[in-house]
Amino acid sequence: MDHQKVGNGASSGGGQRLIRRVVDILLETWEHQTDEGGKILDFNMPDKLMKIFTLELGEKGAADDELVPICQSIVDLSLHAGHPAFYNQLWGGLDEYGLLSAWMVEALHTSVYTYEVAPLFTLMETYLIQHIGKELIGYPDVDNIGGLFNAGGSISNMMAIQLARYKQNPSVKTRGNHAFDKPLIILTSVEAHYSIQKAANVLGIGTDNVWKVPTDDNGCMRPNKLEEEIGRAGKEGKLPVMVNATSGTTVLGAYDPLDQVAKICEKHKIWMHVDAAWGGAVMLSPKLRHTMKGIERADSVTWNPHKMLGLPLQTALLITRHKGLLLECNSNKSSYLFQSDKFYDAEYDIGDKTFVCGRKNDALKLWLTWKGRGKADLTAAVENAFDMAEYLAELLRDREGFQLVLPKVQCTNVCFWYIPPSMRGTVDWKSESFREKLGKVAPCLKKRMMEKGSLFIGYQPNENRNLPNFFRMVIHCNPRPTRENMHFVVEEIERLGADL
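The opening residue of the sequence shown carries number 2 in the working numbering; numbering runs sequentially from there.
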């Protein structure tokens, strides 16, 4: 792309040639990122990385022959999330249909707020919301299903709180929290995602008013404790505006008992939201969906297909069984976008349902992947991920030097400690000295993993249970994990930690 030809855009043949050259680099990298011999990341400390890669910008644009190696360097210095040993996050490798759809999204370059600028995509988004609401969640009345694709699960969870608050008192839209004569509280489990607290902060409810409900030995919300907290709120003159249940907690992978939570919410007339951002993929599987029994009783549901299914970041949605509520709650009727006298049915202008303006075309990512894969293949991928999680757990149960954090694996999170040979003769879980030493093992091993680039697994303590640092391995659908991959994880940890 000749930098003298400013503004030629898509008409520039040079620009197209540059794009093709860089696309070739991306495809080559993407095709080989699952090679077992390659590094997940060529890790460098920030000061070294800033010396390796020049960030400075100038007055003149760079020529193609300069930009191509720069793009290659960007690729080389970036994480390869499709590597079969990347288990660090709740997202991983990218599905090929997802990659195709993401490129289409950027190339077609539109914002999904009005039918006139995104005719097919507004219809596609509406169809997906209703299809998922009816076929996966199980809402009986498709005409009352509403929702939106959002920029991540945190936004969806915040929007759910906003809906719950509006349903409780519509004047909150104009008067704010002053519309309530009692302080609002949100009830969620101690293992819930931190986005609930962040949303309470943004919405003026306050983080102190997010009440944490205790969990059982498997990390699931205890319904009797939820009932107790609701009773306490009444005695203290506070108004429970929403209960947030989680299907697949971030660290432990726990599924809250939705049927029991729903019964309590219906009894007290409290909005029930389910954060299924991570664990919602089980809705695709007849074999696994029992873990979300009662989901159809929820007022709203968050689900992020970009997590377990391997769709592009970000593909996230909120679905509710109160169709008109999003528009009532958020509509501003901005006259430059949402005119009332349009020549087509303005119901297809979906952008006024949200508190943002410009919106990415995220629906295409899910639609094209589902169309290309088919539900049967998506289901098989989810079930395989769960099978591999259980297989890994069995390996660890029978392996000297490994200890599972939970008695059973519920989702595809496998949490465990590695106890190096030097500590195996002094295992005493009641000893603070032992626990302190054990807490240093995971950070040390993580450093070695990253320096070698062979394996990525996250770690964390659990303050709720007073547990020292442990590994949280997250198994995704893409690339499809195998038993050989699980054996590699165990053996590589043993290699890296043998001398600790």
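Every residue, glycine too, gets a C-beta built ideally from N, C-alpha and C.
Asked	Found
Distance between residue 211 and residue 253 (C-alpha atoms, nearest Å)	20 Å
Pair within 9 Å by beta-carbon distance, residue 187 and residue 243	yes
Distance between beta carbons of residue 368 and residue 379, contact taken as under 8 Å	Contact flag wrong, Cβ pair sits at about 13 Å.
Rounded Cβ spacing between residue 200 and residue 231 (contact assumed at less than 8 Å)	That belief does not hold up - the Cβ atoms of residue 200 and residue 231 are roughly 20 Å apart, past 8 Å.
Where residue 152 sits in the DSSP three-state scheme	coil
Sequence-distant residues of the same chain with beta carbon closer than 7 Å to residue 501, five excluded per side	421, 423, 442, 445
Proximity below 9 Å, CB of residue 147 to CB of residue 323	yes
Whole-number beta carbon distance between residue 363 and residue 315, since they are thought to touch under 8 Å	7 Å
Simplified DSSP assignment, three categories, for residue 231	helix
Separation of residue 408 from residue 218, as counted between CA atoms	8 Å
Buried or exposed by the 16-neighbour rule on C-beta atoms within 10 Å, applied to residue 222	buried
Distance, residue 357 Cα to residue 341 Cα	20 Å
Span separating the alpha-carbon of residue 30 from that of residue 485	23 Å
Host alpha helix (DSSP H) of residue 383 (start-end)	376 to 398
Reference residue 246; option with closest CA among 459, 192, 208	192
Delimiting residues of the alpha helix (DSSP H) encompassing residue 222	Element bounds for residue 222: n/a, residue is neither H nor E.
Three-state secondary structure (DSSP) of residue 403	strand
Chain-order list of residues whose beta-carbon lies under 8 Å from that of residue 100 (same chain, five-residue window excluded)	31, 313
Cβ contact (3+ pairs, closer than 8 Å) linking the stretch 456 to 467 and the stretch 82 to 90	yes
Run of the alpha helix (DSSP H) containing residue 102, from where it starts to where it stops	97 to 109
Length-filtered (3 minimum) beta strand (DSSP E) runs lying within the stretch 315 to 367	317 to 321
Residue 427 classed as buried or exposed, judged by whether at least 16 other C-beta atoms fall within 10 angstroms	exposed
Per-residue DSSP class, three states only, for residue 217	coil
Distance, residue 91 Cα to residue 25 Cα	28 Å
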